[in-house]
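First comes the structure, then the notes that go with it.
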Amino acid sequence: MSTPIYRGRFAPSPTGPLHFGSLVAAAGSYLDARANDGEWLVRMEDVDGPRCRPEYDKAIMLALEAYGFMWNGTVMRQSDRPEAYRAALDSLKNKDLVYPCACTRKEISDSAIAKDGAHIYPGTCAAGLSDGRASRSWRMRVAGERITFTDLVQGVVSQDLEKEIGDFVLLRADGFFAYQLAVVVDDAEQGITRIVRGADLLDSTPRQICLQHHLGVAFTEYAHLPVAVNAAGEKLSKQTLAKPLDGKNPVADLMAVFGFLGMTSLKGNDTSVDDLWNQAIRLWSLDKVPKVRTIPQGT
Ligand code: GLU
């Protein structure tokens, strides 16, 4: 089978049910794939074992069906793939691009805070573990890494990984692989060509491009959609009590999502879900998506 020109994906984490924000990411990636005659895959990002629950995995899959999404192939689950992440980490070890780190959270709690709220690692273990210290996690070296890319919605993004992020964790102290590594390995494995997702992940993208480069896998295109936030500027998520969407009112919910993505001329009255999707696929253009990272919602 030849590789399609376009392959997109939706990669939810089963840490809660589907909500408005995740439906925006699902719909945006789906519309972009279908409008480009591409394939669209679903991957359950349950790599963060302690935070993921099988009941949310099930609820998300049922909701996707209720909203009329049709995915290609079988659903990949990160919990099935530790060997693939281990192999990627080993290849980075062979190039001396990673190192073991003994620091606890508390030990780095004085260092500066990055845009995503994490501490910028001060490089304590970069030259080797001091005597008597045991490895807890593995970190990626980022000295001298500046990544610049053009996002198809947000424009040119540039990040100095050393200054703005610091050496970042690939294998966590609790034994789970980090999202940053898993997402790159899986997008490569699934042959994803364009990643359409929420702009809350824009600041993670340079780390992922850096890993793509050092793992020698294909680069992907990126389109980061605006994220719905509450009046305090916080992402609508389980933590901020965004209401779960179960697909009982698919046309109304999808109309809200399509409007959020800049498609205001769709007809939602007396329309079936399939017809609404067809209208939206015909109208879809990334150019219509508001070029902002966040849009406040009146919840
Ligand atoms: N699993 C991530 C999330 O739900 C999304 C990862 C991605 O799209 O790259 O926030």
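Residue numbers (the numbering used here): 8 to 306. For every residue, glycine included, the Cβ atom is placed at its ideal position computed from N, Cα and C. The structure presented is a predicted model; accordingly, all values stated were derived computationally and were not measured.
{"Asked": "Distance CB(Val234)-CB(Gln215) smaller than 8 Å", "Found": "no"}
{"Asked": "Proximity winner among Asn43, Lys65, Ala180, Ala40, relative to Pro314 (alpha-carbon distances)", "Found": "Nothing can be reported for residue 314, as the shown portion of the chain is limited to 8 through 306."}
{"Asked": "Straight-line Cα distance separating Gly173 from Gly130", "Found": "7 Å"}
{"Asked": "Counted within 10 angstroms of its Cβ, other Cβ atoms place Ala259 as buried (16 or more) or exposed", "Found": "exposed"}
{"Asked": "Exposed unless 16 or more other CB atoms sit within 10 angstroms - verdict on Thr111", "Found": "exposed"}
{"Asked": "Ser20: CB within 7 Å of a non-hydrogen atom of the ligand GLU", "Found": "yes"}
{"Asked": "Of the listed residues Phe226, Phe175, Ala206, Ser165, nearest to Gly198 (C-alpha basis)", "Found": "Phe226"}
{"Asked": "Glu196, buried or exposed, once every other Cβ within 10 Å from all chains shown has been counted against 16", "Found": "exposed"}
{"Asked": "Near the ligand GLU: Arg204 beta-carbon under 7 Å from a heavy atom", "Found": "yes"}
{"Asked": "Coarse secondary structure for Thr271, derived from DSSP in three states", "Found": "coil"}
{"Asked": "Short Cβ contact (8 Å threshold) for Ile295 with Gly266", "Found": "The amino acid occupying residue 295 in the given sequence is Lys; Ile does not appear at that position. No. Outside cutoff."}
{"Asked": "Cβ shell of Ala291 (< 6 Å), same chain only, five flanking positions each side left out", "Found": "Checking the displayed sequence, the identity of residue 291 turns out to be Trp instead of Ala. Contacts found: Leu38, Ala42."}
{"Asked": "Every unbroken alpha helix (DSSP H) inside the segment 225-295 [4 residues or more]", "Found": "257-267, 280-290"}
{"Asked": "Bridge-paired residues (DSSP) for Asp167", "Found": "Arg153"}
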